[in-house]
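Undergrad: Here you go, one structure.
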Amino acid sequence: MTRKEFFRYAWMVPAAPLLLQACAGGQSQTANTSDDPVTPDSLVVHAPPESFDTFEQSEQAWRDQLSDTAFHILREEGTERPYASPLLNEKREGTFICKGCNLPLFSSQTMYDSGTGWPSYWAPLAGVLGTKLDTKLLTPRTEYHCIRCEGHQGHVFEDGPDPTGLRYCNNGAALRFVPADEELPPLRT
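Under our numbering, the first residue of the sequence shown carries the number 3, and numbering increases by one thereafter.
Right, dumping it as structure tokens:
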């Protein structure tokens with residue numbers, strides 16, 4: 003079985019996330035092709051707002067706003083199937099924003115192919131993610147979510163590329179992509 007086939011079907015096995023965490027490291031390649039190193043401090047694509055209020059709404063309002071898949075991921079901490087997201091192959095410059103509230107979360111400059119089947123980033127934009135311990139599986143993991151609407155995005159692992167060594171493994175259905183030449187949508191209120 004190839005690595006790609008493993009990640010495509012491993013989500014169906016109850017202990018697969020443990021295998022994913024153990025097997026995903028060491029195969030990453032950064033998407034940055036310029037000679038200048040990209041660091042978290044040098045990201046310039048669509049900076050997040052300097053300040054923002056939290057965003058809350060009723061469960062019914064979330065259901066009306068989101069697809070069933072996006073609701074399951076953002077509001078019920080679900081996970082999409084690997085290789086299911088069209089964002090996995092997004093190569094344009096731009097910003098990935100929270101599908102729940104439009105807060106900018108990741109720059110395309112930090113996206114890389116982790117080989118896991120989920121969009122992966124080595125750093126978020128500053129101050130936009132919260133984390134908590136996830137103990138739903140046998141091994142504890144660090145879950146991260148949008149700090150504004152608390153929408154679940156994914157998990158962060160310590161097997162990513164330089165300069166951070168981190169892999170923010172994100173559900174594509176929890177994000178929207180905004181190309182660099184387009185204006186960011188306003189934050190939802």
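Backbone N, C-alpha and C fix where the C-beta goes; we use that ideal spot for every residue, glycine too.
1) Just checking, does the stretch 125-132 make contact with the stretch 149-160 on the three C-beta pairs under 8 Å criterion?
2) Does the stretch 101-108 come close enough to the stretch 53-70 to have 3 or more Cβ pairs within less than 8 Å?
3) From residue 159 to residue 173, what does the alpha carbon distance come to, in whole angstroms?
4) Starting from residue 1, trace the alpha helix (DSSP H) in both directions and tell me its first and last residue.
5) With a threshold of 6 Å on Cβ separation, who are the neighbours of residue 145 within its own chain once the five nearest residues in sequence on each side are excluded?
6) Would you call the CB atoms of residue 163 and residue 114 closer than 7 Å?
7) Put residue 139 into one of helix, strand or coil per three-state DSSP.
8) Express the C-alpha separation of residue 143 and residue 25 in angstroms, rounding to a whole number.
9) By the DSSP assignment, the beta strand (DSSP E) with residue 178 in it spans what residues?
10) Considering only residues of the stretch 108-161, which uninterrupted beta strand (DSSP E) runs meet the minimum length of 3 residues and lie entirely inside it, listed in chain order?
11) What is the residue span of the beta strand (DSSP E) that residue 169 lies within?
TA: Taking the coordinates as given:
1) yes
2) yes
3) 14 Å
4) Outside the shown range of the chain, which is 3 to 191, sits residue 1, and nothing can be said about it.
5) 134, 136, 157
6) yes
7) coil
8) For residue 25, the predicted structure reports a pLDDT of 35, less than 50, and the residue's modelled location is therefore unreliable. The matter cannot be settled from this model.
9) 177-181
10) 113-115, 131-136, 143-148, 154-159
11) 169-172
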